[in-house]
Amino acid sequence: MDFQDLDQARALHGALLEMFVAHAGGKANPEALARVAQLCDAAANAVEDIECRVAIRGVKSYATLFFSADPGLEAGSLSGADYLRLRIYNALSAFRGRLGALEAERLLRQKTEFELRRRAQPEPPPLSSQDLPVQEYSQPRGVKVLVVEDNRDSAESLRKLLYYSGYEVAVAYTGQEGLRAAKRMRPDVVLCDIGLPDSNGFVVAAALREEAGTAGARLIAVTAYGEDEDRRRALAAGFDLHLVKPVDPELLLRKLEAR
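Numbering-wise, my numbering comes out as the position in the sequence shown, counting from 1, plus 41.
Following this line, the structure appears as structure tokens:
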């Protein structure tokens, strides 16, 4: 999946960061931030680097944060500099290794200006009509996902992650809301929490399986309950897959693409 413009790159990066911060109880998790970086790096394979302009002038400790795949660049002095030019993966790896969780969150959340630099891509030869492939997309098109999650921060983070990954998304905050939304939407995939304020995910899954419009939907439990018995109960209730929070977004997107 190549980013088409800077807004898309920035939006996906922000969505991933918010997802991890929400799942970590409002505090950034360095391990999670590293996974954000890995996903961004894998997704943005046409991106050479990102120039992050942050207010680091006069802040001595930030001079050690410059991190690049090029050893010559890494040795360069940032004394008095007001920007960092970082490859996406290495940027957050540097944060992970040299900043505490809260400091990493603060740095990433402050006002930042991004300059996206693209590697030169050779022009492909023109295709004849016989060479044109059947439409195949690296991003999902027209796949409807319903998120049933009572934690609004987590629900919004999932919504953004899925939306900016190309899915059509709806969100419900209770089991009953989820069932009503499913009747209207007829989703292809349902991501459902187990602990809900008015019901539980097992009841929701069983009800979805009984409805003609959702009986064939792919049901994925996304929950903090991670014991073997919880997994067994989820599958017995009708879920196709059981994922434990905090869910690695790269894993989640892979599971969705594998449907």
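Think of the CB as a built atom: it goes at the ideal place given N, C-alpha and C, for glycine as much as any other residue.
| Asked | Found |
| --- | --- |
| Tell me, please, which residues DSSP counts as bridged to VAL288. | BP columns for VAL288 are empty, so no partner. |
| Spatial neighbours of LEU282 within its chain, please: C-beta separation below 8 Å, excluding the five flanking residues on both sides. | ARG259, LEU260, ILE261, ALA262, LYS296 |
| From ARG274 to GLU268, what does the alpha carbon distance come to, in whole angstroms? | 10 Å |
| Within the continuous alpha helix (DSSP H) that includes VAL245, where are the two ends? | 242-251 |
| Give me whichever residues DSSP pairs with LEU232 in a beta bridge. | VAL188, ILE261 |
| With THR264 and GLY236 assumed to form a contact (beta carbons below 8 Å), what rounded beta-carbon distance in angstroms separates them? | 7 Å |
| Could you round the C-beta distance between VAL212 and ARG200 to whole angstroms and report it? I think they count as a contact, below 8 Å. | 5 Å |
| Could you pull the DSSP bridge partners for GLU209 from this structure? | LYS185 |
| Going by DSSP, which residues form a beta bridge with LEU282? | ILE261 |
| Mapping the DSSP letters down to three states, classify ARG273 as helix, strand or coil. | helix |
| Do GLU209 and LYS224 count as a contact pair if the criterion is CB distance below 9 Å? | no |
| Taking all protein chains shown into account, do 16 or more other C-beta atoms lie within 10 angstroms of the C-beta of PRO290, making it buried, or fewer, making it exposed? | buried |
| On the CB-based measure, 16 or more other CB atoms within 10 Å of its CB, does LEU292 come out buried or exposed? | exposed |
| Would you kindly check if the distance between the Cβ of VAL231 and the Cβ of VAL188 is under 9 Å? | yes |
| Is PRO228 buried or exposed, if buried means 16 or more other CB atoms sit within 10 Å of its CB? | buried |
| According to DSSP, simplified to helix, strand and coil, what is VAL77? | At VAL77 the pLDDT is 42, less than 50, meaning the model places this residue with poor confidence; the figure from the coordinates comes in the next sentence. Three-state DSSP puts VAL77 in a helix. |
| Note down, in chain order, each residue of its chain lying with its Cβ closer than 8 Å to the Cβ of LEU249, except the 5 sequence neighbours on either side. | LEU220, ALA223, VAL231, THR255, ALA256, ALA258, LEU260, GLY279 |
| Confirm, please, whether the CB-CB distance from ASP194 to THR215 is below 9 Å. | no |
| Report buried or exposed for PRO287, applying the criterion of at least 16 other Cβ atoms within 10 angstroms of its Cβ. | buried |
| What's the call for GLY183, buried or exposed, on a 16-neighbour Cβ count within 10 Å? | exposed |
| Near LEU284, which residues of its chain fall below 8 Å by C-beta distance, leaving aside the five closest residues on each side in sequence? | ILE261, ALA262, VAL263, THR264, LEU292, LEU293, LYS296 |
| In or out: ASP239 buried (at least 16 other Cβ within 10 Å) or exposed? | exposed |
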